[in-house]
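Engineer: My structure is below; once you've seen it, I'll send some questions.
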Amino acid sequence: MTNKEKFLKLVSQKETKTVERALARKKRRELLRFSSQVAIKILTRLDELKWTQKKLAKEMEVSPQQVNKWVKGNTNFKLETLLDLGSVLGIKLIEVPKTQPRVFKSDTLMSETSEYENEVKIIRFKNDVEVFKTFIYQNEFRKKVAN
Amino acid sequence: MKIVPIFAQKLFAIQYEGEDENEYDRLLGLWGDTEYLVDFLLKNKRDIPDRRTLEEMANFLREDAFAIDDRLLEILEREDENLSFFFQPLHNQEYQTQVLSLQKGRRYYLRLYALKISEDIFLITGGAIKLTRTMQERRHTQKELDKLNAARDYLRDQDIFDEDSFFEFLIEEL
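First to last, the sequence lines map onto chains Y and Z.
Under this note's numbering, the first residue of the first sequence carries the number 1, and numbering increases by one thereafter.
Under this note's numbering, the first residue of the second sequence carries the number 1, and numbering increases by one thereafter.
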């Protein structure tokens, strides 16, 4: 038996909770992502305003510990809290995307976006591309008719 | 200094004196703490690339930490992958693998630093947010380089030079 095998036998019950933790983070990923995005907005706004977390706590009428919890990026925010925070800080922290009709015209193209962008870009062809094609066709048609 | 197995008995990490967690858990905890990330970026504003805002960088770092978790879970779950696909020599000019080679695992601006014990066994000694070209340029990355060297010296002192002697040492430490 190699030392590795001996060790694995001895240590099987002693592994840390690292894997469990990584899997737990993965499971909560969307919440962590949103919560962290909000926390970044709050922290950068505090920096702009030169406010401390304590000052924000006072304005929000909550404890400084509560504010510190918000900026860790691990909070399941209530809608009301986000709206109040946005109002006190003078920024928008939550927005529901407007519903737009899903019209895919022939002159639009969906393109892949870079790694850090969430939305799909829709690039519009320049109008003259379409006009040019039509022009050629009309000419050929006219030529046929003339023949 | 304590060496603890963290992922499937292939990936090990050091738990330093006075720390509650091993280096992987400690770093992923830090990188998952938005207050820490923004504070780090505010203190290192001069190193943020010109084309990026602080807000963008904080979002990138969070996503990079998620990606490191995912990559390691993926490597350790799949038999056709091994840790050498994630870690690479710290010094780009290292063509021949040295005993206890200094390694880095990277995801854009995040780094995990490790010693290579064998092809699929690594020991994490620390990690950092690296915004500069070299580790020597900033105190926090220089500290990580020092930790790597100190860990290698420690293992050498314990006569660890390969996988077998590494596990022999761990058995003695149990």
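Note that beta-carbon positions come from the ideal geometry of N, C-alpha and C, so glycine has one too.
Since the structure is predicted, the reported quantities are computational estimates derived from the model, not experimental observations.
1) For the segment 56-72 of chain Y against the segment 67-82 of chain Z, do three or more pairs of beta-carbon atoms, one drawn from each stretch, fall closer than 8 Å, so that the two count as touching?
2) Please classify Arg156 (chain Z) as buried or exposed, where buried requires at least 16 other C-beta atoms within 10 Å of its C-beta.
3) From the DSSP output, read off the bridge partner residues of Tyr113 (chain Z).
4) In chain C, which residues lie less than 7 Å from Phe7 (chain Z) when you measure between Cβ atoms?
5) For Leu13 (chain Z), which of helix, strand or coil comes out of DSSP?
6) Going by C-alpha distance, which of Z:Glu173, Z:Glu168, Z:Glu172, Z:Leu174 is nearest Met192 (chain Y)?
7) Please check the pair Leu32 (chain Y) and Arg25 (chain Y), which I expect to be a contact at CB under 8 Å, by giving their CB distance rounded to whole angstroms.
8) Smallest Cα separation from Gln98 (chain Z): which of Z:Arg111, Z:Ile117, Z:Phe166, Z:Glu173?
9) Quick one: Cα of Leu170 (chain Z) to Cα of Lys92 (chain Y), how far?
10) For Ile48 (chain Z), name the three-state secondary structure that DSSP assigns.
11) Using a Cβ-Cβ distance under 8 Å, would Gly73 (chain Y) count as near chain Z?
12) Output the distance between the C-alpha atoms of Glu21 (chain Z) and Tyr113 (chain Z), rounded to the nearest integer angstrom.
13) In terms of residue numbering, what span does the beta strand (DSSP E) encompassing Phe87 (chain Z) cover?
14) Can you check which of these residues, Z:Gln158, Z:Arg133, Z:Gly127, Z:Asp33, is closest to Leu145 (chain Z) by C-alpha distance?
15) Identify whether Asn147 (chain Y) lies in helix, strand or coil by the three-state DSSP scheme.
16) Use the C-beta contact count for Lys104 (chain Z): other C-beta atoms within 10 angstroms, 16 or more gives buried, fewer gives exposed.
17) Quick one: is Ile94 (chain Y) near chain Z, going by C-beta distance under 8 Å?
18) Kindly identify the DSSP beta-bridge partner or partners of Pro97 (chain Y).
19) Opposite Ser118 (chain Z) in the DSSP bridges: which residues?
20) Flag this pair as touching only if the segment 56-76 of chain Z and the segment 35-45 of chain Y have three or more C-beta atom pairs under 8 Å; answer yes or no.
21) By alpha-carbon positions, which one of Z:Glu23, Z:Lys10, Z:Ile6, Z:Met1 ends up nearest to Glu119 (chain Z)?
22) Is the CB of Lys66 (chain Y) under 8 Å away from at least one CB in chain Z?
23) With DSSP as the reference, label Lys2 (chain Z) as helix, strand or coil.
24) Name the chain Z residues that come within less than 8 Å of Ser87 (chain Y), Cβ to Cβ?
Structural biologist: Concretely, from the data shown:
1) Contact between the segment 56-72 of chain Y and the segment 67-82 of chain Z is not established, with fewer than three Cβ pairs separated by less than 8 Å.
2) Classification of Arg156 (chain Z): exposed, given that the 10 Å Cβ count is below 16.
3) Answer is Z:Lys104, Z:Gly126.
4) Annotation note: the requested chain C is absent from the structure, which comprises protein chains Y and Z.
5) First, the residue type needs correcting, since residue 13 (chain Z) is Ala and not Leu in the sequence shown. The answer is strand: DSSP assigns Ala13 (chain Z) an E or B state.
6) The question about residue 192 (chain Y) has no answer here: the residues shown for chain Y are numbered 1 through 147.
7) The pair is a contact, with the Cβ atoms about 7 Å apart (cut-off 8 Å).
8) Per the C-alpha coordinates, the member of Z:Arg111, Z:Ile117, Z:Phe166, Z:Glu173 positioned closest to Gln98 (chain Z) is Z:Ile117.
9) Lys92 (chain Y) has its alpha-carbon roughly 53 Å from the corresponding atom of Leu170 (chain Z).
10) In the three-state DSSP reduction, Ile48 (chain Z) falls in the coil class, being neither helix nor strand.
11) Yes, because at least one Cβ of chain Z sits closer than 8 Å to the Cβ of Gly73 (chain Y).
12) A direct Cα-Cα distance of roughly 16 Å separates Glu21 (chain Z) from Tyr113 (chain Z).
13) From DSSP, the beta strand (DSSP E) with Phe87 (chain Z) extends over 87-89.
14) Considering only alpha carbons, the answer is Z:Gly127.
15) Note that Asn147 (chain Y) scores 46 on pLDDT, short of 50, meaning its location in the model is unreliable; the coordinates nonetheless yield the value given after this. DSSP places Asn147 (chain Y) in coil when its eight states are reduced to three.
16) In this structure Lys104 (chain Z) is buried. Its beta-carbon is surrounded by 16 or more other beta-carbon atoms within 10 angstroms.
17) The beta carbon of Ile94 (chain Y) does not come within 8 Å of any beta carbon belonging to chain Z, so the residue lies off that interface.
18) As DSSP reads the structure, Pro97 (chain Y) sits in no beta bridge.
19) Ser118 (chain Z) pairs with Z:Ile121.
20) Because the criterion of three Cβ pairs below 8 Å is met, the segment 56-76 of chain Z and the segment 35-45 of chain Y touch.
21) If you compare the alpha carbons of Z:Glu23, Z:Lys10, Z:Ile6, Z:Met1 with that of Glu119 (chain Z), the shortest gap goes to Z:Lys10.
22) Sequence check: residue 66 (chain Y) is Gln here, not Lys. For Gln66 (chain Y), the answer is no, since every Cβ of chain Z falls outside 8 Å of its Cβ.
23) DSSP places Lys2 (chain Z) within a strand segment (E or B) once states are collapsed to three.
24) Residues of chain Z whose Cβ lies closer than 8 Å to the Cβ of Ser87 (chain Y) do not exist, since the nearest Cβ in that chain is about 20 Å away.
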